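**Student:** Numbering follows the numbering used here, with no gaps: position 50 of the sequence shown is 50.
Note that the Cβ used here is the ideal one computed from N, Cα and C, for glycine as well.
Remember, it's a predicted structure, so these values are computed and weren't measured experimentally.
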Amino acid sequence: MNVCIYSQLVHRKHVVFVNTDLVPANEAREFGGSYLHNEKEGKLIYQVTESLLRCGVKEEQLAIVSVYRSQLRTISRYFEGETDIEIATIDKYQGRDKDCVIISLVRSNTQGNVRKHHGCVNRLY
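1) Which partner residues of residue 103 appear in the DSSP bridge assignment?
2) I'd like the list of long-range same chain contacts for residue 60, defined as Cβ closer than 7 Å, with 5 residues on each side in sequence excluded.
3) Where do the N-terminal and C-terminal ends of the beta strand (DSSP E) with residue 86 fall, by residue?
4) If you draw a straight line from the alpha carbon of residue 88 to that of residue 65, how long is it in whole angstroms?
5) Could you spell out where the alpha helix (DSSP H) holding residue 54 opens and where it closes?
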């Protein structure tokens, strides 16, 4: 991502949703079990985060949250443990505040079935 996306967002929107419907980034289950993650979404979040950092956003201004711990492990691998960005579950992050919070919703499949964990919208506020 070469474009400074931060300049497109700052002072314009309080919430920005990125539609990834056309990105072939389906969810997968870790080790064939019930631990959901989305590798391509994880990489996209890493790229967006790196773009924000290049545009002058400081690591301490950023947080990355997800409902799924396995997704947080996926995202953390891209940073190779070399970051001060807070990466936490939505539940653990409650009560904290950052200038920019990136939410990884993970769920994406050909059936359009993405509501299981996201049914409780209050967890995102």
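**Tutor:** Quick look at the numbers:
1) Answer is 65, bridged to residue 103.
2) 84
3) For residue 86, the enclosing beta strand (DSSP E) has its first and last residue at 86-89.
4) 5 Å
5) Residues 39-54.
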